[in-house]
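Protein chains in written order, with numbering that gives the first Met the number 0: chain A, 0 to 104; chain B, 0 to 475.
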Amino acid sequence: MRRRTPAGLVEAEPGPAHHIEFDGRAVPALPGQSIAAALWADGVLAWRTTRVGGKPRGAFCGIGACFDCLAVVDGRPNQRTCLLPAEPGTTVTTQEGHGRADLAV
Amino acid sequence: MPTSPSEAHDSSAFDLAVVGAGPAGLAAAVTAADLGLRCVLLDGGPSTGGQYYRHPAPGLGAARPDRLHHHWSAYTGLAERLAAHEGAGRAAFRGGHQVWALERTGDGFAVHVTRGPESTDRATVRARSVLLATGAYERQLPFPGWTLPGVVTAGGAQAMLKAGLVLPGRRIVVAGSGPLLLAAASSLVTAGAEVPAVVEATAYLGYARRPGVLASVPGKLVEGAGHGGALLRHGVRLRPRSAVVEAHGTDRVTGVTVARLDADWRPVPGTERRIDCDALAVGHGLLPQIDLATELGARTRTGPDGAVALEVDARLRTSVPGLWSAGETNGVGGADLALAEGELAAHAVAGALPTAPLLRRRARLRAFAELMAAAHRPGPGWTGWLRPDTDVCRCEEVPVSAVREAVDELGAGDPRTVKLLTRAGMGWCQGRMCGPAVACLAGSVVASGPDRRPLGCPVPLSQLAAGPSAEFDDRP
């Protein structure tokens with residue numbers, strides 16, 4: 000028997016998949032998915048390291064309330080990937096700390 | 000046509016602004032428009048539905064979104080009625096409009112919103128009355144390992160599944176407390192995940208103490224039986240009176256330790272057992288999202304679940320003149336109650352008499368909500384599963400030891416003082432994730448009063464510095 004999937008459950012026939020770029024590699028995304036959803040679908044659970052402990056973090060609340068899923072998106076740090084759509088060509092980079100290393104003096 | 004009906008609406012005050020397009024807000028907006036009010040429905044998300052009716056974006060081409068939902072037709076019915084009102088210019092839905100503050104004006108309210116993916120676009124909507132239907136977010140209690148990737152909130156797992164058709168892993172333990180756990184586990188197994196266990200801190204006995212209330216809401220029983228049936232079919236084990244006391248792993252979760260709890264939620268030594276998994280969905284009930292109202296000084300009450308909710312009268316008026324509230328903001332009670340309260344509040348705003356069956360349904364569902372709240376109130380013993388190095392505040396990475404030092408050695412007796420001494424609650428989420436835990440560790444009751452957040456969501460400084468938004472504020 001074919002494995003059950005979320006897409007199979009709702010009989011989804013999505014538009015053609017495209018790709019976003021995550022840390023320099025192509026990750027597939029379906030139209031309408033958030034960045035966090037595309038990363039989960041690819042088995043990626045972490046795309047940030049914390050400011051104090053350097054610990055990996057990813058999506059936690061999934062609804063924009065917890066801010067754990069922050070990443071650098073198209074060059075802009077501190078973007079909530081659970082809210083932002085994965086558009087064709089969106090570039091996502093793992094965010095280290097506060098994501099403003101360029102402002103260090 | 001030079002302007003669409005919805006644009007024309009912006010040129011003067013609306014009769015009613017409804018904040019939040021979930022079950023309560025949708026029902027309220029549609030009913031208000033039925034009753035002749037000019038109504039605007041605002042939501043931060045792109046479409047109506049809120050968290051409960053969250054559904055795949057059109058691009059995902061889901062033919063059967065109903066399979067991830069209970070009573071999906073209630074949503075589609077409301078969405079169709081809203082579309083008809085929009086077409087006739089009686090109501091306007093504004094998605095992507097995140098309300099960050101309500102301001103009282105001489106003749107009503109200025110509703111301040113940010114728009115756009117970067118919140119850089121600002122607007123003010125004017126309305127004579129405001130109906131708050133901002134729902135709830137999940138209550139989290141920390142435990143060792145809860146910051147590991149793969150540990151997600153139960154509602155978050157639901158949201159990512161419903162909207163993005165994705166799962167955080169293949170073998171997902173569901174844990175915490177409250178009816179959302181059964182709903183989440185049921186969705187996850189139906190969508191193909193293996194759920195080795197649903198770990199619930201209570202014994203589910205709370206419901207049984209007031210069988211009369213249960214019997215009067217058959218819909219709730221049917222829903223519960225539906226989840227139970229799906230779980231049974233997929234061989235999911237229910238572990239009552241237990242909790243995940245630790246998540247294991249280095250870069251991501253690889254397993255959890257589950258222990259039995261006593262009646263106070265204190266882990267019973269010697270009962271620990273390990274369950275392998277690659278994800279954990281966890282939550283301890285829901286907390287009303289009421290910042291917009293408390294900033295206006297609205298009176299609150301602490302519910303049987305220890306959560307602070309808005310105090311409303313029989314017509315769902317808050318203590319702030321012109322401000323109404325429906326659904327989870329009045330105490331968490333689920334979608335059916337939210338639908339009933341949205342309809343009821345809209346009648347009250349319009350000065351129309353609600354029907355007796357509606358009043359009875361709302362009273363019945365509210366009584367059931369209070370019962371559920373009492374049953375799932377966290378016991379004080381949960382702190383027994385903490386370790387000194389467990390992070391309480393995820394944003395600022397403040398461990399239990401720092402909070403205990405602030406309380407025991409520096410004399411902090413309330414969450415605010417703990418925050419000033421340790422930074423717990425000072426980060427991005429503004430204490431939404433760690434608030435209940437910090438309050439408990441500070442020796443307060445579960446919640447000692449409403450959290451105060453002058454801004455309901457992050458707003459760029461550039462917007463605050465820009466002063467009044469002339470584009471909208473000069474309108475009558």
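Even for Gly, the Cβ is constructed at its ideal location relative to N, Cα and C.
Assign residue 444 of chain B to one of three DSSP states: helix, strand, or coil.
The pLDDT assigned to residue 444 of chain B is 49, lower than 50, so where the model puts this residue is not dependable, and the model offers no usable value.
Leaving out five residues before and five after residue 298 of chain B in sequence, what residues of the same chain have Cβ atoms less than 6 Å from its Cβ?
Correct list, in chain order: 310, 318.
Start and end of the alpha helix (DSSP H) containing residue 49 of chain A?
It is not in any alpha helix (DSSP H) - residue 49 of chain A carries neither H nor E in the DSSP assignment.
Strictly below 7 Å CB to CB, what residues from chain B border residue 49 of chain A?
Per Cβ cutoff of 7 Å: 396.
Could you compute how far the alpha carbon of residue 465 of chain B sits from the alpha carbon of residue 123 of chain B?
In a straight line, the C-alpha of residue 465 of chain B is about 13 Å away from that of residue 123 of chain B.
Of all the options B/431, B/305, B/346, B/304, which has the alpha carbon lying nearest to the alpha carbon of residue 324 of chain B?
Among B/431, B/305, B/346, B/304, the Cα nearest to that of residue 324 of chain B belongs to B/346.
Looking only at C-alpha atoms, which of B/249, B/251, B/250, B/194 sits nearest to residue 237 of chain B?
For residue 237 of chain B, the nearest C-alpha among the options comes from B/194.
For the beta strand (DSSP E) that residue 409 of chain B lies in, which residues bound it at each end?
Here residue 409 of chain B belongs to no beta strand (DSSP E), and DSSP marks it neither H nor E.
Is the CB-CB distance between residue 340 of chain B and residue 361 of chain B below 8 Å?
Result yes, Cβ atoms of residue 340 of chain B and residue 361 of chain B sit closer than 8 Å.
Using only the alpha-carbon positions, how far apart do residue 132 of chain B and residue 316 of chain B sit?
Whole-angstrom Cα-Cα distance: 12 Å.
Taking the alpha-carbon positions, what's the residue 158 of chain B to residue 48 of chain A distance?
For residue 158 of chain B and residue 48 of chain A, the distance between alpha carbons rounds to 23 Å.
Quick check: is the beta carbon of residue 158 of chain B nearer than 8 Å to any beta carbon in chain A?
It does: the Cβ of residue 158 of chain B has a partner Cβ on chain A nearer than 8 Å.
Give me the Cα-Cα distance between residue 59 of chain B and residue 30 of chain B, rounded to the nearest whole angstrom.
C-alpha separation (whole angstroms): 31 Å.
Let me check one thing: in DSSP terms, what residues is residue 15 of chain B bridge-paired to?
Bridge partners of residue 15 of chain B: B/38, B/128.
Identify the contact partners of residue 413 of chain B in chain C, using a Cβ-Cβ distance below 9 Å as the criterion.
Looking at the structure shown, chain C is missing, and the protein chains on hand are A and B.
What separation, rounded to the nearest whole angstrom, lies between the Cα atoms of residue 470 of chain B and residue 387 of chain B?
Any reading at residue 470 of chain B needs caution, since the residue's pLDDT is 47, under 50, leaving its predicted position unreliable; the model's value is listed next. Whole-angstrom Cα-Cα distance: 52 Å.
Mind checking whether residue 359 of chain B and residue 305 of chain B have CB atoms under 8 Å apart?
No. Outside cutoff.
Going along chain A, which residues have a C-beta under 7 Å from residue 155 of chain B?
Under the 7 Å cutoff, chain A gives 58, 59, 60, 61, 62.
Return the residues of the segment 418-443 of chain B that lie within a Cβ-Cβ distance of less than 7 Å from chain A, sorted by chain order.
Hits within the stretch, in order: 427, 428, 431, 432.
Any idea if residue 51 of chain A is buried or exposed, counting beta-carbon neighbours within 10 angstroms, 16 or more meaning buried?
Its Cβ having fewer than 16 others within 10 Å, residue 51 of chain A is exposed.
Indicate the three-state DSSP secondary structure (helix, strand or coil) for residue 318 of chain B in the structure shown.
If DSSP states are grouped into helix, strand and coil, residue 318 of chain B belongs with coil.
May I ask you to check if the CB of residue 91 of chain B is nearer than 7 Å to at least one heavy atom of the ligand GDP?
Here there are no bound small molecules, and the ligand GDP is not part of this structure.
In this structure, how does DSSP classify residue 19 of chain A when only helix, strand and coil are distinguished?
Reduced to three states, the DSSP call for residue 19 of chain A is strand.
Considering only DSSP beta bridges, list what residue 97 of chain B is partnered with.
Its beta-bridge partners are B/113.
Using 8 Å as the limit for Cβ to Cβ distance, is residue 22 of chain B near chain A?
No - not a single Cβ of chain A is within 8 Å of the one on residue 22 of chain B.
For residue 481 of chain B versus residue 250 of chain B, is the C-beta distance shorter than 8 Å?
Missing from the structure shown is residue 481 of chain B; chain B here goes from 0 to 475 and no further.
Whose CA, out of B/330, B/404, B/91, lies closest to the CA of residue 13 of chain B?
Residue 13 of chain B has its Cα closest to that of B/91, out of B/330, B/404, B/91.
Residues of chain B with a CB under 7 Å from the CB of residue 31 of chain A: which are they?
Neighbours of residue 31 of chain A on chain B, chain order: 55, 56, 57, 58, 59.
At which residue ranges does the segment 370-404 of chain B contain complete beta strand (DSSP E) runs of 3 or more residues, listed in the order of the chain?
Qualifying beta strand (DSSP E) stretches, in chain order: 390-392.
Is the Cβ of residue 25 of chain A closer than 8 Å to any Cβ of chain B?
Chain B contact via Cβ: absent.
Round the Cβ separation of residue 181 of chain B and residue 197 of chain B to the nearest angstrom and send it over; I've been treating them as touching at under 8 Å.
That belief holds up - the Cβ atoms of residue 181 of chain B and residue 197 of chain B are roughly 7 Å apart, short of 8 Å.
Output the boundary residues of the alpha helix (DSSP H) element that contains residue 24 of chain B.
Here the alpha helix (DSSP H) through residue 24 of chain B covers 22-33.
Can you tell me the Cβ-Cβ gap for residue 272 of chain B and residue 257 of chain B, rounded? I've got them flagged as a contact below 8 Å.
Contact holds; Cβ gap of about 6 Å.
At a CB-CB cut-off below 7 Å, which residues of chain A make contact with residue 151 of chain B?
Those are 58, 59, 61, listed as they occur along chain A.
Counting only Cβ pairs nearer than 7 Å, list the residues of chain A close to residue 165 of chain B.
Going along chain A in sequence order, the residues near residue 165 of chain B (Cβ under 7 Å) are 5, 36, 39, 40.
In chain order, what residues of the same chain have a beta carbon less than 6 Å from the beta carbon of residue 290 of chain B, not counting five sequence neighbours either side?
Answer for residue 290 of chain B: 452, 455, listed in chain order.
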